[in-house]
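Below you'll find the structure, written out as structure tokens, and then a few comments.
Protein chains in written order, with this note's numbering: chain A, 1 to 116; chain B, 1001 to 1114.
Here it is, written out as structure tokens:
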């Protein structure tokens, strides 16, 4: 079981509200990621970070923002939630095997967001 | 078009039976292919990983195969159990470095009935 945590696990919120999804890991991983996953669909990368004060946008355009002030913490914020933001959000962190250059991502349990 | 295609989309089998899930990819260059298991309401957990030089890898009742020439992989589950009910996701990495990008399939939803 990976030491990566997400809160809340479930969130129902009204349109226009500001929300922050929390993600923390205790494995000391430098790299962290946020994915969005809709039912029956593939994971889409929306944000990633290679370390403190480093954040990049992923492949899927997202109105969310992220910050990386501490290695272990990578929160995602939506300033004004909309029904189109309803989805599952998965956080992950990774380490790289320096011998074989293989990166292994460890996923958190996810946050299911419903915006009414 | 998704560069990682999985089939079938969903599968129902009886407890104790075997099954095989398929993954075809067009990702190039190719570094490695990983199978993840995702239980409902949980994050994916890695089952196996194979580089281009490996053509089979086992993890308990899970056996993955890779044909890098035809760009196909399969995940075989033997003596299925109720706890095998989950989505199985095929993920391909295009290079083995920090610059590598991951390509995710949509998963096969497996349901094991008693």
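Every residue, glycine too, gets a C-beta built ideally from N, C-alpha and C.
What are the residues that DSSP puts in a beta bridge with residue i?
i	result
residue 49 of chain A	A:32
residue 20 of chain A	A:77
residue 112 of chain A	A:10 and A:88
residue 1064 of chain B	B:1057 and B:1075
residue 1010 of chain B	B:1109
residue 57 of chain A	A:47
residue 69 of chain A	Answer is none; residue 69 of chain A lacks a bridge partner.
residue 1021 of chain B	B:1075
residue 1033 of chain B	B:1050 and B:1092
residue 1082 of chain B	Answer by DSSP bridge pairing: none, since residue 1082 of chain B is not bridged.
Determine whether the Cβ of residue i lies closer than 8 Å to any Cβ atom of chain A.
i	result
residue 1117 of chain B	Beyond the ends of chain B as shown, which are 1001 and 1114, falls residue 1117 of chain B; an answer cannot be given.
residue 1049 of chain B	yes
Please confirm if residue i has its CB atom under 8 Å from at least one CB of chain B.
i	result
residue 109 of chain A	yes
residue 27 of chain A	no
residue 102 of chain A	yes
residue 41 of chain A	yes
residue 11 of chain A	no
residue 21 of chain A	no
residue 90 of chain A	yes
Residue i and residue j look like a contact to me (Cβ under 8 Å); what is the Cβ gap, rounded to whole Å?
i	j	result
residue 32 of chain A	residue 91 of chain A	7 Å
residue 63 of chain A	residue 78 of chain A	7 Å
residue 80 of chain A	residue 16 of chain A	5 Å
residue 56 of chain A	residue 25 of chain A	Not a contact, Cβ separation roughly 18 Å.
residue 4 of chain A	residue 108 of chain A	4 Å
residue 58 of chain A	residue 48 of chain A	6 Å
Report yes if the CB atom of residue i is closer than 8 Å to the CB atom of residue j, and no otherwise.
i	j	result
residue 1086 of chain B	residue 1038 of chain B	yes
residue 1062 of chain B	residue 1082 of chain B	no
residue 89 of chain A	residue 113 of chain A	yes
residue 1013 of chain B	residue 1112 of chain B	yes
Quick one: does residue i have its CB under 8 Å from some CB of chain D?
i	result
residue 1110 of chain B	The structure shown contains no chain D; its protein chains are A and B.
**OP:** Check whether the region 1005-1018 of chain B touches the region 1043-1050 of chain B, taking contact to mean three or more Cβ pairs, one atom from each stretch, closer than 8 Å.
**Re:** no
Original post:
Quick one: any contact between the region 1104-1111 of chain B and the region 1049-1059 of chain B, if contact means 3 or more CB pairs under 8 Å?
Top reply: no
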